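Q: Pasting a structure below so you can have a look.
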Amino acid sequence: MPAPVILWFRQDLRLEDNPALRAASAEGPLIALYILDETKGVRPWGGASRWWLAESLASLETALRRKAVPLILRRGPADKVLAEVIAETKARSVHWNRSYEPYAIRRDKAIKAYLTRRGIAAASHNAALLFEPWTVETQAGEPFKVFTPFWRFLQSQPDPAPPSPAPRRLEKAYKQPRSEKLADWSLKPTAPDWAAGFRKLWQPGESGARLRLEEFLTGHLGRYPERRDRPDLPATARLSPHLHWGEIGPRQIWHAVKTMQIASGDLVSPRAAETFLRELGWREFSHHLLFHWPKLWAEAWRPEYRRFPWRGDPAGLAAWQHGRTGYPIVDAGMRELWTTGWMHNRVRMIAASFLVKHLLVSWQEGEAWFWDTLIDADLAQNAASWQWVAGSGADAAPYFRIFNPVLQGERFDPEGAYVRRWVPELARVPHEFLHKPWTAAPTLLAASGVVLGRDYPHPIVDHAAARARALAAFERVKK
1 MPAPVILWFR
11 QDLRLEDNPA
21 LRAASAEGPL
31 IALYILDETK
41 GVRPWGGASR
51 WWLAESLASL
61 ETALRRKAVP
71 LILRRGPADK
81 VLAEVIAETK
91 ARSVHWNRSY
101 EPYAIRRDKA
111 IKAYLTRRGI
121 AAASHNAALL
131 FEPWTVETQA
141 GEPFKVFTPF
151 WRFLQSQPDP
161 APPSPAPRRL
171 EKAYKQPRSE
181 KLADWSLKPT
191 APDWAAGFRK
201 LWQPGESGAR
211 LRLEEFLTGH
221 LGRYPERRDR
231 PDLPATARLS
241 PHLHWGEIGP
251 RQIWHAVKTM
261 QIASGDLVSP
271 RAAETFLREL
281 GWREFSHHLL
291 FHWPKLWAEA
301 WRPEYRRFPW
311 RGDPAGLAAW
321 QHGRTGYPIV
331 DAGMRELWTT
341 GWMHNRVRMI
351 AASFLVKHLL
361 VSWQEGEAWF
371 WDTLIDADLA
381 QNAASWQWVA
391 GSGADAAPYF
401 RIFNPVLQGE
411 RFDPEGAYVR
421 RWVPELARVP
431 HEFLHKPWTA
441 APTLLAASGV
451 VLGRDYPHPI
461 VDHAAARARA
471 LAAFERVKK
């Protein structure tokens, strides 16, 4: 019997366009292994991520079983688990797809060196990015710090390689190691079961990712540039959790969009295709930044912002977390996040800006909350996006850009459908007051079933005063 090959699944929970799977299956009979590594130095998944992981692993388990290969589940330090599985099975090689988080890079380098010393072949592959971070650089040979020239560089390159299909046939290793049970990992919430809203909206797994992409391409891509900032419309792809967990890869999306553009004639314009693909570019840019600045997720990218005079405001932070700020568009977003594990991107920017600029609560507090509550909580994108809003990151929003949550709500939720859905206590408030209910007469609000301070909070901060306070703080940093 040929020696078995270990395929180490990580954030690549799919069979299609999976280079590690193709390489491993071509080399010998498979041991498909997933390791839940929660050791010191590895940032543990948040609650929402753990729910998605459980569902995605169950989906992968089913897909592999159809090809007669079991998914082996082990919990523990990755280096020790791999050593144990190699000892149990006499495997002679290990394949995996690369992760780009700083702690994953350190761990994987150490594992590859250890395996090589023991005479075990170790090969890593790229399944998560269009381009490897170390291959994208300025003419001076340095990392990019601004997105637009970064995107131009990507566009100047040949298209990424076409995605490869799943292997038609897989051969399992004769000797399979023991496997733990997914249910024993207790990844899902029980008491209380706060994930009920997740199940109504999401279908984790590779088939769910394919359906989501198809629905977007056929129903929304053509109008994406005009509608993508509207949280009241089903206009965005909602592929971020599938991408984060590797249930679909960026090459698959890239080529699917290009193919759709050609096949649709005038229905999908070059502008629509590029506007959407640019979002993949932002994802690449975030990983580019984290790769070259591995402390991005923990400290301000711009050194001067490490002295920023953040306020300790536990009450304000709690009001923001639970959607009780008194600003309807902010509260709608935070409640959508809590209920579904996801928030529309425009509203993410509004809510994040409110925390760091209206309340002067540090972006790290917001990043930590999103890490726990987002099903697409990606280390690179979460950190880069929060720093962009805070003004402390690469190519960040200027410090003086302070979103007015009333104007943002009126512009991007013009009919009020988004706020009425997620802040139902305001559903009967007349349209002209919906995004600023404190400006309505108390008698009018009462007729709509609302008493401020009882049914819905007063604004926890005045916008004009908060803006002036934030500008003063940013001016001190600037000097």
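In full-length UniProt numbering, the protein residues as written are 1 to 479.
Think of the CB as a built atom: it goes at the ideal place given N, C-alpha and C, for glycine as much as any other residue.
All values reported here derive from a predicted model rather than from experimental measurement.
Under 8 Å: do the segment 432-442 and the segment 268-276 share three or more Cβ pairs, one atom per stretch?
A: Contact fails: fewer than three Cβ-Cβ distances are below 8 Å.
Q: Is the segment 31-39 close to the segment 6-13, with three or more CB pairs under 8 Å?
A: Contact holds: three or more Cβ-Cβ distances are below 8 Å.
Q: Round the Cβ separation of Leu130 and Trp293 to the nearest angstrom and send it over; I've been treating them as touching at under 8 Å.
A: On the sequence shown, position 130 is the one that residue 130 refers to. On the sequence shown, position 293 is the one that residue 293 refers to. So it is not a contact: roughly 20 Å between Cβ atoms.
Q: Given this structure, state the Cα-to-Cα distance separating Gly246 from Trp52, to the nearest angstrom.
A: For the purposes of this step, residue 246 is taken as residue 246 along the sequence shown, with counting starting at 1. For the purposes of this step, residue 52 is taken as residue 52 along the sequence shown, with counting starting at 1. Each residue's alpha carbon lies about 12 Å from the other.
Q: Apply the 10 Å Cβ neighbour rule to Val268 and answer buried if 16 or more other Cβ atoms are within range, or exposed otherwise.
A: Numbered from its first residue, the sequence shown carries residue 268 at position 268. Buried, by the Cβ-count rule.
Q: Going by beta-carbon coordinates alone, are Ala54 and Leu182 separated by less than 8 Å?
A: Sequence index remark: in the sequence shown, residue 54 carries index 54 (1-based). Sequence index remark: in the sequence shown, residue 182 carries index 182 (1-based). Yes; because the gap between Cβ atoms is below 8 Å, this pair is in contact.
Q: Does Arg311 come out as helix, strand or coil in the three-state DSSP assignment?
A: For the purposes of this step, residue 311 is taken as the residue at position 311 of the sequence shown. Residue state, collapsed to three classes: coil.
Q: Could you pull the start and end residues of the beta strand (DSSP E) that Ile31 belongs to?
A: Within the sequence shown, numbered from 1, the residue matching residue 31 stands at position 31. Leu30 to Leu36 is the span of the beta strand (DSSP E), which, as asked, contains Ile31.
Q: Given a cut-off of 8 Å on the beta-carbon distance, is the pair Ala394 and Leu289 in contact?
A: Within the sequence shown, the letter at position 394 stands for residue 394. Within the sequence shown, the letter at position 289 stands for residue 289. Yes, Cβ-Cβ distance for Ala394 and Leu289 is below 8 Å.
Q: Could you tell me the distance, in whole angstroms, from the CA atom of Ala417 to the CA atom of Gly197?
A: Taking the first residue of the sequence shown as position 1, residue 417 is located at position 417. Taking the first residue of the sequence shown as position 1, residue 197 is located at position 197. Roughly 19 Å between the two C-alpha positions.
Q: With distances taken Cα to Cα, identify the nearest neighbour of Ser286 among Val356, Phe308 and Phe144.
A: Looking up residue 286 in the sequence shown gives position 286. With distances taken between Cα atoms, Ser286 lies closest to Phe144.
Q: In angstroms with no decimal places, state the Cα-to-Cα distance between Ala122 and Thr138.
A: Counting from one through the sequence shown, the residue named residue 122 turns up at place 122. Counting from one through the sequence shown, the residue named residue 138 turns up at place 138. Each residue's Cα considered, the two are about 31 Å apart.
Q: With respect to the alpha helix (DSSP H) encompassing Ile72, which residues constitute its N-terminal and C-terminal limits?
A: The residue given as residue 72 occupies position 72 in the sequence shown. That residue, Ile72, is in no alpha helix (DSSP H); its beta strand (DSSP E) goes Leu71 to Arg75.
Q: Spatial neighbours of Glu367 within its chain, please: C-beta separation below 8 Å, excluding the five flanking residues on both sides.
A: Locating residue 367 in the sequence shown gives position 367, where the first residue counts as 1. Once the five neighbours on either side are set aside, the close Cβ partners of Glu367 are Trp297, Asn382, Ala383 and Trp386.
Q: Look at Trp388 and Ala397 and say whether their C-beta atoms are less than 8 Å apart.
A: Residue 388 sits at position 388 when you count from the first residue of the sequence shown. Residue 397 sits at position 397 when you count from the first residue of the sequence shown. Against a cut-off of 8 Å, the Cβ pair of Ala397 and Trp388 comes out as a contact.
Q: Taking all protein chains shown into account, decide if Ala104 is buried (16 or more other Cβ within 10 angstroms of its Cβ) or exposed.
A: Residue mapping note: residue 104 aligns to position 104 of the sequence shown, counting from 1. With 16 or more other Cβ atoms within 10 Å, it is buried.
Q: Helix, strand or coil: which one does DSSP assign to Leu99?
A: Taking the first residue of the sequence shown as 1, we reach residue 99 at position 99. One detail in the question is off: residue 99 reads as Ser in this sequence, not Leu. Coil at Ser99, not helix or strand.
Q: In or out: Lys40 buried (at least 16 other Cβ within 10 Å) or exposed?
A: For the purposes of this step, residue 40 is taken as residue 40 along the sequence shown, with counting starting at 1. The residue is exposed, with fewer than 16 neighbouring Cβ atoms inside 10 Å.
Q: Please state whether DSSP places Leu452 in a helix, a strand or coil.
A: The residue given as residue 452 occupies position 452 in the sequence shown. In the structure shown, Leu452 sits in a strand (DSSP, three-state: E or B).
Q: Quick one: what's got a C-beta closer than 7 Å to Val477's C-beta in the same chain, skipping five residues either side?
A: Working through the sequence shown from its first residue, we reach residue 477 at position 477. So the qualifying residues of the chain are Glu304, Tyr305, Arg307 and Phe308.
Q: At what residues does the beta strand (DSSP E) containing Ile6 begin and finish?
A: As a first step, residue 6 is located in the sequence shown; it is residue number 6 there, counting from the start. It spans Val5 to Phe9 - the beta strand (DSSP E) in which Ile6 sits, taken as one unbroken run.
Q: Leaving out the 5 sequence neighbours to the left and right, which residues in its chain are closer than 6 Å to Glu206 when beta-carbon positions are compared?
A: Taking the first residue of the sequence shown as position 1, residue 206 is located at position 206. Cβ neighbours of Glu206 beyond the five flanking positions: Arg14 and Glu247.
Q: Does the distance from the C-beta atom of Glu180 to that of Arg75 stay below 8 Å?
A: Taking the sequence shown and counting its residues from 1, the one referred to as residue 180 is at position 180. Taking the sequence shown and counting its residues from 1, the one referred to as residue 75 is at position 75. Yes; because the gap between Cβ atoms is below 8 Å, this pair is in contact.
Q: If you draw a straight line from the C-alpha of Ala473 to the C-alpha of Ile460, how long is it?
A: Working through the sequence shown from its first residue, we reach residue 473 at position 473. Working through the sequence shown from its first residue, we reach residue 460 at position 460. Between Ala473 and Ile460, the C-alpha separation is close to 19 Å.
Q: Taking all protein chains shown into account, decide if Lys109 is buried (16 or more other Cβ within 10 angstroms of its Cβ) or exposed.
A: Position 109 of the sequence shown, counting from 1, holds the residue named residue 109. Exposed: under 16 other Cβ atoms inside 10 Å.
Q: Taking all protein chains shown into account, decide if Met1 is buried (16 or more other Cβ within 10 angstroms of its Cβ) or exposed.
A: Numbered from 1 along the sequence shown, position 1 holds the residue referred to as residue 1. With fewer than 16 other Cβ atoms within 10 Å, it is exposed.
Q: What are the residues that DSSP puts in a beta bridge with Ser385?
A: By one-based count along the sequence shown, residue 385 stands at place 385. Paired residue(s): none; Ser385 is not in a bridge.
Q: Might you give, ordered along the chain, the residues of its own chain that have their beta carbon closer than 7 Å to the beta carbon of residue 480, omitting 5 neighbours on each side?
A: Beyond the ends of the chain as shown, which are 1 and 479, falls residue 480; an answer cannot be given.
Q: Per DSSP, what kind of secondary structure is residue 482 in: helix, strand or coil?
A: Because the chain in this structure spans residues 1 to 479, residue 482 falls outside the shown range and cannot be described.
Q: From what residue to what residue does the alpha helix (DSSP H) around Trp369 run?
A: As a working note, residue 369 is residue 369 in the sequence shown. Segment Trp363 to Thr373, the alpha helix (DSSP H) holding Trp369.
Q: Would you list the one or two residues that DSSP bridges to Lys172?
A: Residue 172 sits at position 172 when you count from the first residue of the sequence shown. The partner list for Lys172 (beta bridge, DSSP) reads Leu30.
Q: Look at the Cβ atom of Asp331, then the Cβ atom of Gly323, and state whether they are nearer than 8 Å.
A: Position 331 of the sequence shown, counted from the first residue, corresponds to residue 331. Position 323 of the sequence shown, counted from the first residue, corresponds to residue 323. Yes, these two residues count as a Cβ contact at 8 Å.
Q: Secondary structure at Ser264, three-state DSSP: helix, strand or coil?
A: Residue numbering aside, residue 264 sits at position 264 when the sequence shown is read from its first letter. Coil at Ser264, not helix or strand.
Q: Please confirm if the segment 225-236 is in contact with the segment 404-416, defined as three or more CB-CB distances below 8 Å between the two stretches.
A: As far as the Cβ criterion goes, the segment 225-236 touches the segment 404-416, which means the pair count is three or higher.
Q: At which residues does the alpha helix (DSSP H) containing His244 begin and terminate?
A: Position 244 of the sequence shown, counting from 1, holds the residue named residue 244. It spans Ser240 to His244 - the alpha helix (DSSP H) in which His244 sits, taken as one unbroken run.
Q: Looking at the structure shown, is Ser59 part of a helix, part of a strand, or coil, going by DSSP?
A: To locate residue 59, count along the sequence shown from 1; it is residue 59. It is helical.
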